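Visitor:
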Amino acid sequence: MSTLGCAKNQVDSDKISAQLTEAGYRRAESPDAADVVMVNTCAFVEAARQESIDTVLDLAD
């Protein structure tokens with residue numbers, strides 16, 4: 000899971016990660032080794048929106 004943005008996003012990502020672990024999922028060593036890659040972000044301001052787009056595109060490569 001990649002987390003961008005404010006501290007609230009990190010708290011949300013931590014909760015999501017804990018729930019996924021409880022459900023039997025495990026974290027991959029790298030995005031390339033993952034079946035699913037999650038990006039928790041927001042687009043409240045233009046800079047955050049662009050960072051989100053750049054991160055998703057980088058992970059897609």
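First residue of the sequence shown? That's 0 in numbering that gives the first Met the number 0, and the numbers climb one at a time after it. Beta carbons are placed, not taken as given, at the ideal position from N, Cα and C, and that holds for glycine. Owing to the predicted nature of the structure, the values given are computational and were not obtained by experimental measurement.
1) Identify the residues that DSSP records as bridge partners of V38: which are they?
2) In terms of residues, what are the limits of the alpha helix (DSSP H) holding S12?
3) According to DSSP, is E50 part of a helix, a strand, or is it coil?
4) Classify S29: buried if its beta carbon has 16 or more other beta carbons within 10 angstroms, exposed otherwise.
5) Among E21, M37, D53, whose alpha-carbon lies nearest the alpha-carbon of N8?
Guide: On the basis of the coordinates in this document:
1) Stepping through the sequence shown from its first residue, residue 38 is reached at position 39. According to DSSP, which records beta bridges pairwise, V38 is partnered with S1.
2) Here residue 12 refers to the residue found at position 13 when the sequence shown is read from its first residue. Here the alpha helix (DSSP H) through S12 covers 6–21.
3) Within the sequence shown, numbered from 1, the residue matching residue 50 stands at position 51. In the structure shown, E50 sits in a helix (DSSP, three-state: H, G or I).
4) Taking the sequence shown and counting its residues from 1, the one referred to as residue 29 is at position 30. Burial call: exposed.
5) Locating residue 8 in the sequence shown gives position 9, counting from the first residue. The shortest C-alpha separation from N8 is found at M37.
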